[in-house]
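I have placed the structure first, in the form of structure tokens, so that the comments after it can refer back to it.
There are 2 protein chains.
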Amino acid sequence: MSQEEVGVDLETSLGYLLKEASSALRAAMEEVLRPLGMNVTHYSCLELLAQRPGLSNSELARGAFVTRQTMNVLLKSLERDGYVTRATEAPVGKALPTRLTPAGRRSLEKASAAVRSVELRMLSGLTAPEQSDASRILRSMIHSLRADNEEA
Amino acid sequence: MSQEEVGVDLETSLGYLLKEASSALRAAMEEVLRPLGMNVTHYSCLELLAQRPGLSNSELARGAFVTRQTMNVLLKSLERDGYVTRATEAPVGKALPTRLTPAGRRSLEKASAAVRSVELRMLSGLTAPEQSDASRILRSMIHSLRADNEEA
DNA sequence: TGACTCATGTCAGTATTCTGACATAGCTTG
DNA sequence: CAAGCTATGTCAGAATACTGACATGAGTCA
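The structure is reproduced here in structure tokens:
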């Protein structure tokens, strides 16, 4: 276990820890969503629509961190199953606003409660100030990563 | 943008921020690894083998946060391309130790440097104490998420 | 106005990862 | 010792997400 630190040390790397935490969160979410017949992307899409009604396919894709092609496939299945409705004509440009149906809203309610309980579990060992720190630190990481991405 | 907070508020949710940060990190890593003909899982596997030579397929899978079936597919391609070698017989049990070849080690060197630069970029806006906080907070999140996963 | 750029929706094909299943090796336990 | 349990490697098929490509609508600018 003692190596001469050539590259990234997985034991102490914040990048690795970030991936580990994200992976654990995703697994925990999948576990509670599975009994509800949902996966994480599914849930993310509905949650986005609940909080920001009328989002377009591309906007939903960005919010759920998938490509717009992937979101397009998902939206079709959600529309087929009666959870969302999409405008048939674009009010402006090509973007088609999407909205939750009552069925979609009902389905989301249980999922949202389940996900919230997972998030509370995740934060159960942290004090309020630590949670504030976490928020600030994560935002800084995101900002730094994106800033240099755009330069390149 | 002002909703009555029924479920998880995406603007302030630490779960969403975690996903966002992880997604940004992954994208940044993919970007620097692509010119080297590697993806993140690819790199993770080689990095794990560099730091812990002789890991088995299942151990590598856990370390890279994928299933052992997925890692098996990856290992086959890495072996075919001459980056790793796998024992043909299990010294104990069924686990087949895997090791980097010189070619694999050479390939990893550039990738490791690229990934390290991404990680430094991610941390560029944080002080040393903040980085310590981040480490402690992420470990706490991971622990809390896993603890209740096993109970269930 | 006309050319250019950008964002969007969508189709098609590919790549990646997952779940399910089976056989085998080692350990534990009655 | 035999049975049960766990971990591993592997095969097959399904689900998921991606890249590439094309057409269209809106804004910019010479």
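Keeping their order, the protein sequence lines are chains R and Y. Using the working numbering, you'd call the opening residue of the first sequence number 1 and step up by one each time. Using the working numbering, you'd call the opening residue of the second sequence number 153 and step up by one each time. All C-beta atoms in this analysis are idealised placements derived from N, C-alpha and C, irrespective of residue type, glycine included.
Subject >> Proximal residues, the stretch 280-295 of chain Y versus chain R, C-beta separation under 9 Å >> reply: E282, Q283, D285, A286, S287, R288, I289, L290, R291, S292, M293, I294 and H295
**OP:** Classify R:Q3 as buried or exposed, calling it buried when 16 or more other Cβ atoms lie within 10 Å of its own Cβ.
**Re:** Bear in mind that the predicted position of R:Q3 carries a pLDDT of just 35, short of 50, making it too unreliable to give a figure here.
Subject >> Inter-residue Cα distance where the pair is R:S22 and R:I142 >> reply: Each residue's alpha carbon lies about 14 Å from the other.
Original post:
How about Y:E172: is its C-beta nearer than 8 Å to some C-beta of chain R?
Top reply: yes
Original post:
CB-CB under 8 Å to R:N39, same chain, minus the five flanking residues each way: which ones, in chain order?
Top reply: E30 and L33
Subject >> Cβ-based neighbour list, Y:G234, same chain, cut-off 8 Å, excluding 5 preceding and 5 following >> reply: T253, A255 and G256
Original post:
Just checking, does the stretch 107-126 of chain R make contact with the stretch 159-171 of chain Y on the three C-beta pairs under 8 Å criterion?
Top reply: yes
Subject >> Whole-angstrom C-beta distance between R:Y43 and R:V92, which should lie under 8 Å >> reply: That belief does not hold up - the Cβ atoms of R:V92 and R:Y43 are roughly 29 Å apart, past 8 Å.
Original post:
So which residues on chain R does Y:V267 lean against when the C-beta distance must stay under 7 Å?
Top reply: V8
Subject >> Residue from Y:R288, Y:R178, Y:F217 and Y:A239 with nearest C-alpha to Y:S208 >> reply: Y:A239
**OP:** Measure the C-alpha to C-alpha separation of Y:R278 and Y:V236 and round it to an integer number of angstroms.
**Re:** Note that residue 278 of chain Y is Leu in the sequence shown here, rather than Arg. If I take the Cα positions, the gap works out to 37 Å.
Original post:
So with Cβ pairs under 8 Å, would you call Y:R186 a contact of chain R?
Top reply: no
Original post:
According to the neighbour-count rule (16 or more other Cβ atoms, all chains shown, within 10 Å of its Cβ), is R:E89 buried or exposed?
Top reply: It counts as exposed.
Original post:
In chain order, which alpha helix (DSSP H) runs of at least 4 residues are fully inside the stretch 185-240 of chain Y?
Top reply: 192-203, 209-216 and 220-232
Original post:
Would you say R:E119 reaches chain Y, if we count a Cβ-Cβ gap shorter than 8 Å as a contact?
Top reply: Taking Cβ atoms only, chain Y reaches closer than 8 Å to R:E119, which makes this a yes.
Original post:
In terms of DSSP beta bridges, what is Y:T250 paired with?
Top reply: Y:R238
Subject >> Contact belief for Y:E282 with R:V8 at Cβ below 8 Å, rounded distance in angstroms >> reply: Contact flag wrong, Cβ pair sits at about 19 Å.
Original post:
Cβ of R:Q69 less than 8 Å from any chain Y Cβ?
Top reply: no
Original post:
Out of Y:E211, Y:L166, Y:A263 and Y:T193, which has the shortest C-alpha to C-alpha gap to Y:L248?
Top reply: Y:E211
Original post:
Anyone know if the C-beta pair for Y:A180 and R:L145 falls short of 8 Å?
Top reply: By the CB criterion at 8 Å, Y:A180 and R:L145 fall inside the cutoff.
Original post:
Roughly how many angstroms separate the alpha carbons of Y:R291 and R:R106, rounded to a whole number?
Top reply: 35 Å
Original post:
For a contact meaning CB atoms closer than 8 Å, what does R:S58 contact in chain Y?
Top reply: Those within 8 Å of R:S58 in chain Y number zero; the least Cβ separation is about 16 Å.
**OP:** For Y:A176, decide whether its Cβ has a neighbour in chain R, counting only Cβ atoms nearer than 8 Å.
**Re:** yes
Original post:
Should R:L14 and Y:A265 be called a contact, given that it needs their Cβ atoms to be closer than 8 Å?
Top reply: no
Original post:
At least one CB of chain R closer than 8 Å to the CB of Y:E156: is that the case?
Top reply: Reliability of the predicted coordinates at Y:E156 is poor, the pLDDT of 40 falling under 50, and the value obtained from them is presented with this limitation in mind. Output row for Y:E156: interface = no.
Subject >> Residue-chain proximity (R:G15, chain Y), Cβ-Cβ < 8 Å >> reply: For R:G15, the answer is yes, since a Cβ of chain Y falls inside 8 Å of its Cβ.
**OP:** For Y:A299, count neighbouring Cβ atoms within 10 angstroms of its own Cβ and tell me buried if that reaches 16, exposed if not.
**Re:** exposed
Subject >> Interface positions of the stretch 250-266 of chain Y facing chain R (Cβ-Cβ less than 9 Å), listed along the chain >> reply: Taking 9 Å as the cut-off between beta carbons, the residues of the stretch 250-266 of chain Y near chain R are L260, E261, A263, S264 and A265, in sequence order.
Original post:
Would a check of beta-carbon distances place Y:S276 closer than 8 Å to chain R?
Top reply: Yes, because at least one Cβ of chain R sits closer than 8 Å to the Cβ of Y:S276.
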